[in-house]
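**Student:** If you scroll down you'll find the structure; I have some questions about it.
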Amino acid sequence: MSRLALRVFETHHCPAAILTSLHINITTLSLPQTRQLHAQILRTGLSLDSHFATKLLSLYAHHLRFSEANTLLNSIQNPHVFSFSTLIHAYSKLTRFTEAILLFSRMIISHGLVPDTRLIPSVIKACSGLDNLRIGNQVHGFCVTSGLCQDSFVQSSLVHLYLKCSRLNYAHKVFDKMSHPDVVSCSALVSGYARDGRVNEAKMLFGRMVELGIEPNLVSWNGMVAGFNQSGHCLEAVKVFRNMHLSGFKPDGTTISSVLPSVGELEDLSVGVQIHGYAYKHGVGSDKWVVCALIDMYGKCSSTMEMSQVFYEMSQRDLGACNALISGFARNGLTDDALKAFNRVRSQELKLNVVSWTSIIACCSQHGKDIESLDLFREMQLSGVKPNAVTIPCLLPACGNIAALMHGKATHGFSLRTGISDSVYVGSALIDMYANCGRIHLARICFDRMPVRNIVCWNAIMGGYAMHGNANEVIEIFHSMEKSNQKPDFITFTSLLSACSHSGFTDQGEQFFNKMSKEYGIKPRIEHYACLVTLLGRAGKLNEAYSTIENMPFEPDACVWGALLSSCRVHNNMKLAEVAADKLFELEPNNPGNYVLLSNIYANKGLWKEVDRVRDVMKSMGMKKNPGCSWIEIKNKVHMLLAGDTSHPQMIKIVEKMDNLGMEMKKLGCLPVTSFVLQDVEDQEKEHILCGHSEKLAVVLGLLNTPQGSTLQVIKNLRICGDCHGFIKFVSEFEEREIFVRDTNRFHHFKNGLCSCGDFW
DNA sequence: ATAGGGTTAG
1 MSRLALRVFE THHCPAAILT SLHINITTLS LPQTRQLHAQ ILRTGLSLDS HFATKLLSLY
61 AHHLRFSEAN TLLNSIQNPH VFSFSTLIHA YSKLTRFTEA ILLFSRMIIS HGLVPDTRLI
121 PSVIKACSGL DNLRIGNQVH GFCVTSGLCQ DSFVQSSLVH LYLKCSRLNY AHKVFDKMSH
181 PDVVSCSALV SGYARDGRVN EAKMLFGRMV ELGIEPNLVS WNGMVAGFNQ SGHCLEAVKV
241 FRNMHLSGFK PDGTTISSVL PSVGELEDLS VGVQIHGYAY KHGVGSDKWV VCALIDMYGK
301 CSSTMEMSQV FYEMSQRDLG ACNALISGFA RNGLTDDALK AFNRVRSQEL KLNVVSWTSI
361 IACCSQHGKD IESLDLFREM QLSGVKPNAV TIPCLLPACG NIAALMHGKA THGFSLRTGI
421 SDSVYVGSAL IDMYANCGRI HLARICFDRM PVRNIVCWNA IMGGYAMHGN ANEVIEIFHS
481 MEKSNQKPDF ITFTSLLSAC SHSGFTDQGE QFFNKMSKEY GIKPRIEHYA CLVTLLGRAG
541 KLNEAYSTIE NMPFEPDACV WGALLSSCRV HNNMKLAEVA ADKLFELEPN NPGNYVLLSN
601 IYANKGLWKE VDRVRDVMKS MGMKKNPGCS WIEIKNKVHM LLAGDTSHPQ MIKIVEKMDN
661 LGMEMKKLGC LPVTSFVLQD VEDQEKEHIL CGHSEKLAVV LGLLNTPQGS TLQVIKNLRI
721 CGDCHGFIKF VSEFEEREIF VRDTNRFHHF KNGLCSCGDF W
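Its first residue numbered 1, the first sequence is counted upward by one per residue in UniProt numbering.
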């Protein structure tokens, strides 16, 4: 402000008109000066001319004094569109979109003013910022009828609105009407198609751009690379990166960090290393985004050494990089390194965020550290970091794995309170959790209440029912899935087939197996063949099962032979059992389960010499039977019981109760099934060994510590043993309890002396 | 007066 102007301004009788007529630039006035000027004008008693009022408005907006600006606006007698525009532009620029739109509506409705081409782009921007297509559409409609649509700024902003609201076709329509399509709209549209996975359309438009004489720039290329990367078209992303290089464009940090995730996804280490060198050469090697992406890429390519090296060479600690490091370790199964890295970050000055916590929780729940996972979740909340819609699906499997139903329910409650329970990820994880905790009806309620479902949700509920041996439900859900136009995938058929095998639906199972390739075009995988073998095996069609294995288009794996071996145990088929076992010993020489299964079969027939032979082999290989282990949740605490373990503080009571129950059983004429003991020992001794089975211990512990009539829930790390199965059936009737036992294979739901598996497992 | 891109958790 010139000295003269200031003097004029400071004298008390200076009407605003003088300032304007002097062509004084008042945009630099400070807030007090603005207020002084405003007050001065009011004192003169002159009505504000709208031109000057607009200047004052923009001053207030510039100083973020929106309430004063609004008061001023309201005091203008006949406000001009410009007065409103000034404020609307300001709101829009500050991302205060709601206020921008409200003011816009007031301008039209209360004042009957008509917007011009300058105002529209700001309003459209506010609509896209709010993802508000409804108002956006109205504004678009107005632009069409009023002819404002001819303006290229208006068109450009409309293209962005429709892209933002994922209405690619509308965006394209607007773009096609542009008389002078510009590089910005065109690039945005290309990137939109790429993000949507519409590879060919993206490429064609990119080609047309060149034909139209619009030179693609760095942003155009980057948008395409990032778009393909986001839609998971990794190969395309890398190809575009190459083409860009061939076209003579130098990549920047954005390009590199957009292409690297794709390289990682493809696990193409050599390309990754090349790009690493390339980034270095172009001087973006220490860009923090690039470093993050490099750590991620090396982690995905299983090069944890290189990953750590990049991390430690980083000049400045960055939380994103730390998180990438943690998840890189976790991805490669290095849980201890992940925990170490996590704890190191925790003890440093960097504040962990929701991603850090979620990564480590996922790491634990995916690698058998379920209790740690639950503990970390608590610590996370104590530290004041709020879990989000990703954290919950990472935590829920931990609850399911150890059947920590109370924790699971609490987590469910949390997701309802925070409004994330509608997410398909959260919903599927809840279904899995409840199914794994034996509460299939609660899983069903979650499923039924989902507003949107994807294939994962359908598979989750079907898998749940399959695990519970309820083939009728699985098939029924499969039909409603088809009705709702959801296409099945290979996992759907795994659930269908395993449900049929658990329920003895042999014919239906075979039909589904045949249909999956013929009608649904899904090639059976090896796990489907394993289900088929179990299906036939259960029905006693052991020879058919065997020929299925011989004729399948894959090299049979341990699952397939294991399925045959289990069936041989049920039907006492020694000959095929030995064939299957031989294959298993070849494929998994160090898996004690196979040896145990075979020796059980021998023991069942009283072939103790053979039993000894198997035991000797195990011994000579230094192999031990995996210790049986069961879990039970009592009053929010998860108890772990090992087979033969007498260290539990309530052991005396447990043994007493067990003896009592054993006597009651004998009174009713139920004898223990001693063939489930490995060793050839006297019957009484066998009985003693059976007493120590972990699932029995857990059930009795549950009986002692829970109220009469409440449901018990036990998880076992091995398949349930036949003696325990009989014992628990008895207990369910005698004690009038429902008892759920989840073994490695399926659920056993004991009620009134019967089990849902129909004694087949 | 309008408009463009990137990392880490499922």
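Positions of the beta carbon are idealized from the N, C-alpha and C atoms, including for glycine.
#1: Would you kindly work out how many angstroms separate the C-alpha atoms of residue 102 and residue 513, rounded to a whole number?
#2: CB residue 377 to CB residue 395, shorter than 7 Å?
#3: Counting C-beta neighbours from all protein chains within 10 Å, is the total for residue 315 16 or more, i.e. buried, or is it exposed?
#4: Pairing CB atoms from the region 560 to 567 with CB atoms from the region 575 to 588, are three or more of them under 8 Å?
#5: Out of 737, 609, 747, 627, point me to the one whose CA is closest to residue 693's CA.
#6: For residue 555, count the other beta carbons within 10 Å of its own beta carbon; 16 or more makes it buried, fewer makes it exposed. Which is it?
#7: Would you check if the distance between the CB atom of residue 222 and the CB atom of residue 262 is smaller than 7 Å?
#8: Given this structure, state the Cα-to-Cα distance separating residue 724 from residue 718, to the nearest angstrom.
#9: Locate the alpha helix (DSSP H) running through residue 517, then write down its first and last residues.
#10: For residue 759 and residue 618, what's the separation of their Cα atoms in angstroms?
#11: Which residues mark the beginning and the end of the alpha helix (DSSP H) in which residue 797 is found?
#12: Looking at the secondary structure, which residues open and close the alpha helix (DSSP H) in which residue 265 lies?
#13: Residue 554 lies in the beta strand (DSSP E); which residues open and close that run?
#14: In the DSSP assignment, find the unbroken alpha helix (DSSP H) run with residue 498 in it and report its ends.
#15: To the nearest angstrom, report how far apart residue 774 and residue 741 are at their CA atoms.
#16: Given that a residue counts as buried once 16 or more other Cβ atoms are within 10 Å of its Cβ, and exposed if not, what is residue 348?
#17: Going by alpha carbons, who is nearest to residue 256 out of 216, 131, 297?
#18: According to the neighbour-count rule (16 or more other Cβ atoms, all chains shown, within 10 Å of its Cβ), is residue 155 buried or exposed?
#19: Curious, which full-length alpha helix (DSSP H) runs of at least 4 residues does the region 42 to 120 contain?
#20: Measure the Cβ-Cβ separation of residue 331 and residue 299 and say whether it is below 7 Å.
#21: If you follow the beta strand (DSSP E) that residue 641 is in, where does it begin and where does it stop?
#22: Mapping DSSP to helix, strand and coil, what is residue 721?
#23: So if DSSP puts residue 714 in a beta bridge, which residue, or which two residues, is it bridged to?
#24: Hey, could you find the ends of the alpha helix (DSSP H) residue 667 is sitting in?
#25: For residue 266, I'd like the list of residues in its chain whose CB is within less than 6 Å of its CB, leaving aside the five on either flank, ordered along the chain.
#26: Checking 7 Å against the spacing of the C-beta atoms, do residue 431 and residue 461 come in under that value?
#27: Between the Cα of residue 705 and those of 633, 752, 61, spot the shortest distance and give me the residue it belongs to.
#28: With DSSP as the reference, label residue 210 as helix, strand or coil.
#29: By the DSSP assignment, the beta strand (DSSP E) with residue 747 in it spans what residues?
#30: Would you kindly work out how many angstroms separate the C-alpha atoms of residue 31 and residue 161, rounded to a whole number?
#31: I need the boundaries of the alpha helix (DSSP H) containing residue 364, first residue and last residue.
#32: Could you name the residues that DSSP lists as bridge partners for residue 755?
#33: Quick test of your reading: residue 28 and residue 54, contact by CB under 8 Å. State the CB separation rounded to the nearest angstrom.
#34: Residue 577: which of 605, 244, 271, 516 sits nearest, CA to CA?
#35: Going by beta-carbon coordinates alone, are residue 227 and residue 191 separated by less than 7 Å?
**Tutor:** Concretely, from the data shown:
#1: 59 Å
#2: yes
#3: exposed
#4: yes
#5: 627
#6: exposed
#7: no
#8: 12 Å
#9: 506 to 518
#10: 29 Å
#11: What is shown of the chain runs 1 to 761, which leaves residue 797 out entirely.
#12: 253 to 265
#13: Where residue 554 is concerned, there is no enclosing beta strand (DSSP E), given that its DSSP letter is neither H nor E.
#14: 490 to 503
#15: The first residue shown for the chain is 1 and the last is 761, placing residue 774 beyond what the model contains.
#16: exposed
#17: 297
#18: buried
#19: 50 to 62, 66 to 75, 81 to 93, 97 to 109
#20: yes
#21: 637 to 642
#22: coil
#23: 632, 741
#24: 651 to 667
#25: 234
#26: yes
#27: 633
#28: helix
#29: 747 to 751
#30: 35 Å
#31: 354 to 366
#32: 750
#33: Actually they do not touch by this definition, with Cβ atoms about 16 Å apart.
#34: 605
#35: yes
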